[in-house]
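Visitor: Pasting in a structure now, in structure tokens, and then I'll have a few things to ask.
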Amino acid sequence: MENFLNAMPKAELHLHIEGTLEPELMFLLAERNGINLPYASVEQLKAAYDFGNLQDFLDLYYQGADVLQTEQDFYELTWAYIEHCRAQHVIHIEPFFDPQTHTDRGISFATVINGISRALDDAKKQFGMSSGLIMCFLRHLSEAQAFETLKQAQPHLDKIIGIGLDSSEQGHPPAKFERVFAKAKSMGLLLVAHAGEEGPAQNVIDALDMLHVDRIDHGVRASEDPQLIKRLVKEKIALTVCPLSNTRLKVFSDMSEHNILKMLDVGVKVTVNSDDPAYFGGYLTENFVALYHALDMSKEQALALCRNSFEYSFASPERKVEMV
Ligand code: ADE
Ligand code: ZN
């Protein structure tokens with residue numbers, strides 16, 4: 001079964017590129033850029049990856065991103081992820097990046113986006129891997145800062161397919177970003193938002209009704225509202241679910257408690273994704289394998305999850321036909 005899960009063609013729709021920064025590359029870039037990490041070794045850093053909740057993780061994740069300084073650093077980060085995708089038969093990817101994490105410490109928007117998109121272009125040329133880059137706003141920052149980031153993105157709109165919303169969900173509901181999402185939509189960008197990860201089902205409803213998103217990232221707490229589940233099924237709204245992330249961040253106490261297959265079986269368009277694989281113990285195959293071990297996922301269920309990823313991706317209709 002593990003071989004089957006690795007070999008089946010897959011797409012990834014929820015992946016933070018900064019969350020693919022493996023400890024070894026973090027140390028390499030720290031040394032190259034003359035940055036002091038507050039850990040003596042890779043082992044000591046890995047030992048810190050024991051999170052009680054989302055915020056515990058975010059604190060480490062933002063600190064780790066400090067080692068990313070040059071366009072080449074962003075290229076190498078992205079290329080390392082692409083190599084994992086190659087090994088796991090991931091044929092289409094829609095990575096997120098968090099420009100504010102970098103521009104707030106003096107790295108230019110162009111440095112970040114040029115490094116990432118050059119790697120995505122090379123993956124397309126060398127392997128035929130298709131992709132679409134999604135720019136996320138950090139929701140713990142202000143609406144004005146999100147508008148400023150959207151402005152910085154203007155000269156680079158050819159490299160971005162959509163915008164997203166991530167970081168601390170508690171205390172930063174979708175309503176805060178209603179106007180900037182409306183502006184992005186008017187610019188022709190696709191829309192996604194993290195909702196119902198740690199926050200309540202109401203955040204999923206508000207992401208749909210106030211932000212008008214095309215997909216929901218996570219959304220697992222939607223299952224607390226049976227009416228909402230009915231709506232997701234009826235309106236065919238896809239959820240980009242991240243099983244290993246959810247257990248590492250204690251959204252579910254154990255993988256055996258995870259609701260993804262229950263949602264799949266009632267007709268919700270759920271997909272499997274890795275979120276921040278360098279921090280949560282695995283890439284896409286490991287997420288599928290974890291569902292097999294904990295929930296006895298069948299091959300049919302695994303294939304249905306992959307089909308959802310292709311169908312609800314933002315790939316062109318022609319590419320979708322090739323993939324499914
Ligand atoms: N940024 C990176 N990973 C995230 C997650 N799982 N939730 C919110 N923001 C994030
Ligand atoms: Zn995420």
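Under full-length UniProt numbering, read the sequence shown as residues 1 to 324, first letter to last. A virtual CB, placed ideally from N, CA and C, is assigned to each residue, including glycine.
With DSSP as the reference, please indicate the residues paired to residue 15 in a beta bridge.
Guide: Looking at the DSSP assignment, residue 15 forms a beta bridge with 275.
Visitor: Please report the distance separating the alpha-carbon of residue 245 from that of residue 297.
Guide: Approximately 18 Å, taken between the alpha carbons.
Visitor: Among 89, 147 and 170, which has the Cα closest to the Cα of residue 182?
Guide: Per the Cα distances, 147.
Visitor: By DSSP's criteria, residue 270 is part of a beta bridge. Which residues make up the other side?
Guide: The partner list for residue 270 (beta bridge, DSSP) reads 239.
Visitor: Where DSSP assigns a beta bridge to residue 90, which residues make up the other side?
Guide: DSSP, once it has assigned bridges, lists 10 as partnering residue 90.
Visitor: What separation, rounded to the nearest whole angstrom, lies between the Cα atoms of residue 198 and residue 58?
Guide: Each residue's alpha carbon lies about 13 Å from the other.
Visitor: At the level of alpha carbons, what is the spacing between residue 275 and residue 35?
Guide: The straight-line gap from Cα to Cα measures roughly 26 Å.
Visitor: Residue 105 by DSSP, collapsed to three states: which one?
Guide: In the structure shown, residue 105 sits in coil (DSSP, three-state: anything other than H, G, I, E or B).
Visitor: Beta carbon of residue 17, beta carbon of residue 96: below 8 Å?
Guide: In this structure, residue 96 lies closer than 8 Å to residue 17 by Cβ.
Visitor: For residue 73, count neighbouring Cβ atoms within 10 angstroms of its own Cβ and tell me buried if that reaches 16, exposed if not.
Guide: Classification of residue 73: buried, given that the 10 Å Cβ count is 16 or more.
Visitor: Quick check: the Cα distance between residue 24 and residue 295, rounded to an integer number of angstroms?
Guide: Taking the straight line joining both Cα atoms gives about 32 Å.
Visitor: At a cut of 8 Å, does the region 151-158 reach the region 199-209 through at least three beta carbon pairs?
Guide: At 8 Å Cβ cutoff, the stretches do not touch.
Visitor: Whose C-beta lies closer than 7 Å to the C-beta of residue 279 among residues of the same chain, with five residues either side of it excluded?
Guide: Only 19, 49, 57 and 61 meet the Cβ criterion.
Visitor: Let me know the secondary structure DSSP gives residue 346 once reduced to three states.
Guide: This structure does not reach residue 346, given that the chain is present from 1 up to 324, and the question cannot be answered.
Visitor: The ligand ZN heavy atoms versus the CB of residue 16: any closer than 7 Å?
Guide: Result yes, Cβ under 7 Å from the ligand ZN.
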